[in-house]
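Enquirer: If you're matching positions, the sequence shown starts at 522 in my numbering and goes up one per residue.
Beta carbons: idealized from backbone N, C-alpha and C, even for Gly.
If you're wondering where the values come from, they're calculated on a predicted model, not measured in any experiment.
Pasting a structure here, questions to come.
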Amino acid sequence: MDQALLDWFRTAPGDPDESGAPDDDTLPADVTPPTRTELAAASPARQERLIGDYLCQELGRVLHCPAGQVDRHQTMTDLGVGSMTGLELQRRIRAALGVAPDLPTILRAENTPALTLRLVDLLGTTTAGALSA
């Protein structure tokens, strides 16, 4: 029992481990969401790129890996997004963009582009409303 406790504390977050997994110091400090102005001025294809890149940055943060290592063709479940990381992702997206898909949509997303399209749809209604006001 003591050995298990010692091993637990030895591998606490922030401590180097043998797995080679990056700790938070190797991850980007800032995730930069696209601005509403940037999205409004962008073509639909560029909007998808901007939101897709932002989504991969957020996925990297919640999964504790660099955004470049997020496989855009895997399901959220295969990437390792579960209920808790899904909620964290949802919270981060809502804080940055003002909208977020519901948790089942996040968890059942076929891949990152599918979730990106859902975000584009959600943002399209709010951006259009903001522009007409």
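State the DSSP-derived secondary structure class of L551, mapped to helix, strand or coil.
Expert: It is worth fixing the name first, because residue 551 is Asp in this sequence and not Leu. Coil.
Enquirer: Hey, would you say L636 sits closer than 8 angstroms to L576, going by beta carbons?
Expert: Yes, these two residues count as a Cβ contact at 8 angstroms.
Enquirer: Using the Cα positions of D592 and G581, report the straight-line distance between them to the nearest angstrom.
Expert: Each residue's Cα considered, the two are about 10 angstroms apart.
Enquirer: Inspect the beta-carbon positions of G573 and T626 and report whether they are closer than 8 angstroms.
Expert: In this structure, T626 does not lie closer than 8 angstroms to G573 by Cβ.
Enquirer: What separation, rounded to the nearest whole angstrom, lies between the Cα atoms of L638 and H585?
Expert: Their backbone Cα atoms lie some 24 angstroms apart in a straight line.
Enquirer: Enumerated in chain order, which unbroken segments of the alpha helix (DSSP H) with a length of 4 residues or greater are wholly contained in the region 592-649?
Expert: The qualifying runs are 597-600, 604-618 and 624-629.
Enquirer: From R567 to T553, what does the alpha carbon distance come to, in whole angstroms?
Expert: The straight-line gap from Cα to Cα measures roughly 16 angstroms.
Enquirer: Rounded to whole angstroms, what's the CA-CA distance from A542 to D599? Just pull it up for me.
Expert: Any answer about A542 is weak, because its pLDDT of 47 lies below 50 and its placement is not dependable; what the coordinates show is given next. Each residue's Cα considered, the two are about 18 angstroms apart.
Enquirer: Please work out which residues of its chain come closer than 7 angstroms, Cβ to Cβ, to H594, disregarding the five sequence neighbours upstream and downstream, and give them in chain order.
Expert: Taken in chain order, the residues that qualify are N632.
Enquirer: So the alpha helix (DSSP H) P565 belongs to, where does it begin and stop?
Expert: Segment P565 to L584, the alpha helix (DSSP H) holding P565.
Enquirer: Quick check: what's the CA-CA separation for E579 versus L571?
Expert: Answer to the nearest angstrom: the Cα atoms are 12 angstroms apart.
Enquirer: With 16 other CB atoms within 10 Å as the buried threshold, where does A651 fall?
Expert: Bear in mind that a pLDDT of 43 at A651, under 50, signals an unreliable position, so the number given afterwards is only what the model happens to contain. It is exposed - the Cβ of A651 has fewer than 16 other Cβ atoms within 10 Å.
Enquirer: Suppose you measure from the CA of L624 to the CA of L618; what does that come to, to the nearest Å?
Expert: If you take the alpha carbons of L624 and L618, they lie about 16 angstroms apart.
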